[in-house]
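In the working numbering, the protein residues as written are 50 to 303.
Written out as structure tokens, the structure reads:
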């Protein structure tokens, strides 16, 4: 059964050093920012994170990076975080890059109990052949590289074997949730959140609005409560924009 917590700090209190986390969101869209901030206020370190990206400088998972709380990251995009790049190139952070669709399926497969699957993405590249730098030495040489993966041919096409991802905890953000853990995501904020929730052995959801059972239309539920262990109402958090682009208004003639 889903347990309702009164604060984000209480919901993440048992996330200890060395824990693995699947974290929802895409860029800064739909990230569980209150839960991440609560972890940043605690003492957990040496964390392993599986997420589409690692936030930006000063926001989202970037908070944990700045505090040197993260040991290893599995992600598909890391281009918006200067501190991430600095730690990676300095040998302070281990990074496994995974094609975005592959990462999504690795999380989903982990939640579905599927240990591995074959995909054409990455065949014939370092993704399948190995050699991607996972960790650098301080002098710029590669201390640890990705190993080669099994490749098989099916119906004349080659596929690479990818292992699924399961983590100790999952952190997700939803627009609305009920006290049974059923979640509704707002538009693009749906992104990696359902997949991350499935991959975590203990799923913690922050929701903007918490309602009683029966309020949500079952047909509109994006993630059933069977995947959610803890839920906390955080309200609407300050929305951050990665790259603000504006233009001067030009009134068009009728």
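Ideal placement from N, C-alpha and C gives every residue a C-beta, glycine not left out. Since the model is a prediction, treat every value here as computed from it, not as a measurement.
The DSSP-derived three-state label of residue 178 is helix. With contacts defined as CB atoms closer than 7 Å, residue 254 and residue 215 fail to qualify as a contacting pair.
By the Cβ neighbour-count rule, residue 56 is exposed, with fewer than 16 other Cβ atoms within 10 Å of its own.
Around the beta-carbon of residue 136, 16 or more other beta-carbon atoms lie within 10 Å, marking it buried.
Assigned with DSSP and collapsed to three states, residue 120 falls in strand. A direct Cα-Cα distance of roughly 12 Å separates residue 193 from residue 138. Here residue 153 has 241, 244 as same chain residues with Cβ atoms under 7 Å from its own Cβ, once five neighbours each way along the sequence are excluded. Under the Cβ criterion (8 Å, minimum of three pairs), the region 117-129 counts as touching the region 83-100.
The shortest C-alpha to C-alpha distance from residue 251 to any of 143, 295, 230 is the one to 230.
Between residue 105 and residue 280, the gap from beta carbon to beta carbon reaches 7 Å or more. Assigned with DSSP and collapsed to three states, residue 255 falls in strand. Rounded to whole angstroms, the separation of the alpha carbons of residue 114 and residue 273 is 31 Å.
When the beta-carbon positions are compared, residue 159 and residue 213 come within less than 7 Å of each other. Of all C-beta pairs linking the region 85-93 to the region 58-70, three or more are shorter than 8 Å, placing the two stretches in contact. For residue 80, there is no enclosing beta strand (DSSP E), since its DSSP letter is neither H nor E. When DSSP reads this structure, residue 167 sits in a beta bridge with 210.
Secondary structure at residue 108: strand, using DSSP grouped into helix, strand and coil. Shown here, residue 215 sits in coil according to DSSP, grouped into three states, outside any helix or strand.
The DSSP-derived three-state label of residue 271 is coil.
Inter-residue distance for residue 195 and residue 155 is about 17 Å (C-alpha atoms, whole angstroms).
Proximity of the region 257-264 to the region 223-237 meets the contact definition, three or more beta-carbon pairs being nearer than 8 Å. Of the residues 168, 178, 179, 76, the one whose Cα lies closest to the Cα of residue 130 is 76. Out of 198, 236, 298, the CA that lies nearest to the CA of residue 165 is found in 198. Our two residues, residue 181 and residue 141, have alpha carbons roughly 16 Å apart in a direct line.
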